[in-house]
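All residue numbers for the sequence shown refer to the UniProt record's numbering, where the first residue is 1 and numbers rise by one.
Think of the CB as a built atom: it goes at the ideal place given N, C-alpha and C, for glycine as much as any other residue.
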Amino acid sequence: MESWLLTGSQYMLLLRGALVTLQILGLAFVVGIVLSLVVGIARLSERTWIRGVALGFVEFARGISSIILLFIVAIAIPILLGVPQENLILLATLALGINMGGYGAEIIRGAIQSVPKGQAEASISLNLTSLQRLRHVILPQAMTVILPPMGNLTIEILKGTALVSLIGLTDVMQMARNIRQQQLADAVGNLPILYLNVLVLYFILAQVINLIFRLAERLMEKRYEGGPALTTEELERMRPTSAEGTVS
1 MESWLLTGSQ
11 YMLLLRGALV
21 TLQILGLAFV
31 VGIVLSLVVG
41 IARLSERTWI
51 RGVALGFVEF
61 ARGISSIILL
71 FIVAIAIPIL
81 LGVPQENLIL
91 LATLALGINM
101 GGYGAEIIRG
111 AIQSVPKGQA
121 EASISLNLTS
131 LQRLRHVILP
141 QAMTVILPPM
151 GNLTIEILKG
161 TALVSLIGLT
171 DVMQMARNIR
181 QQQLADAVGN
191 LPILYLNVLV
201 LYFILAQVIN
211 LIFRLAERLM
221 EKRYEGGPAL
231 TTEELERMRP
241 TSAEGTVS
């Protein structure tokens, strides 16, 4: 009966690929979160042109296939601009981050709108600036709404990292192809067993991400136990001692 396990060296190759996958995921997550916050807040701007630009970004990022976006950012644009493709990891990160930003922006927008209007009105009465309201009142309460879907989105981006092997990056999927080629050369191995091991590796990574977001969600729920609304006294304590700037 054929073993369902790979050799030690083959597992090491998959783990090396997993490190590349995690590197791309981590960088894409940072890019995606920044875009999500900026675009999500811009979607609620009082200025029509800002809302229009933000909506255009969301529709573009959500409406284009991830693989097409990856090829545009990592291959087409560098060729058109005559820029050498020296760092494919950063280019792949940008493509996945844009994709995450489009979906994440709508998560942020919906979460901000879910915060009771009375909270914003109370913070205005305390003369907090727009930036202070977002930082001290709106976003902290919105986190309990943001975390569950953002965790799911991060797992989707993890699965999307498998596409980077198509542009030559040695992630988990590319390492699996390399192992398969070696198995064919040696006339040994079993394709279903190889990719079953890859599936298990992705599943483990997804569960780790899920656990991290669940822990963060519990921490936020504990912080706002009994409901997201803050009392006037709590808002008073949040009042900064100095101005932190304003946003539109």
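query: In the segment 75-129, which residue ranges form an unbroken beta strand (DSSP E) of at least 3 residues, counting only runs that do not cross its ends?
result: none
- request: Consult DSSP for residue 187 and reduce its assignment to one of helix, strand or coil.
  value: Taking the sequence shown and counting its residues from 1, one reaches residue 187 at position 187. Reliability fails at residue 187, whose pLDDT of 45 lies under 50, so the model's placement of it is uncertain and no value is given.
message: Given this structure, state the Cα-to-Cα distance separating residue 139 from residue 76, to the nearest angstrom.
response: Residue 139 sits at position 139 when you count from the first residue of the sequence shown. Residue 76 sits at position 76 when you count from the first residue of the sequence shown. Going from the Cα of residue 139 to the Cα of residue 76 covers about 37 Å.
The segment 161-173 / the segment 141-150 touching (three or more Cβ pairs under 8 Å): no
Residue 52: first and last residue of the uninterrupted alpha helix (DSSP H) it sits in: The residue you call residue 52 lines up with position 52 of the sequence shown. Residue 52 -> alpha helix (DSSP H) spans 48-63.
query: For the alpha helix (DSSP H) that residue 36 lies in, which residues bound it at each end?
result: Counted from its first residue, the sequence shown places residue 36 at position 36. Its alpha helix (DSSP H) spans residues 8-42.
task: In the DSSP assignment, find the alpha helix (DSSP H) that holds residue 255 and state where it starts and stops.
output: Nothing in the structure corresponds to residue 255, since the chain is present only between 1 and 248.
task: Measuring alpha carbon to alpha carbon, tell me which of 114, 134, 206, 176 ends up nearest residue 156.
output: Taking the first residue of the sequence shown as position 1, residue 156 is located at position 156. Ranking the options by Cα distance to residue 156, first place goes to 206.
- request: Grab me the residues of residue 179's own chain with a C-beta within less than 8 Å of its C-beta, minus the 5 sequence neighbours each way, in chain order.
  value: Taking the sequence shown and counting its residues from 1, one reaches residue 179 at position 179. Result list for residue 179: 6, 10, 13, 14, 189, 194, in chain order.
message: Can you give me the C-alpha to C-alpha distance between residue 119 and residue 52, rounded to a whole angstrom?
response: Here residue 119 refers to the residue found at position 119 when the sequence shown is read from its first residue. Here residue 52 refers to the residue found at position 52 when the sequence shown is read from its first residue. Going from the Cα of residue 119 to the Cα of residue 52 covers about 27 Å.
task: Have a look at residue 60 and residue 102 and give me their C-alpha separation to the nearest angstrom.
output: For the purposes of this step, residue 60 is identified with residue 60 of the sequence shown, where counting begins at 1. For the purposes of this step, residue 102 is identified with residue 102 of the sequence shown, where counting begins at 1. Each residue's Cα considered, the two are about 8 Å apart.
CA nearest to the CA of residue 105, picked from 158, 221, 43, 66: Counting from one through the sequence shown, the residue named residue 105 turns up at place 105. Nearest of 158, 221, 43, 66 to residue 105, Cα basis: 43.
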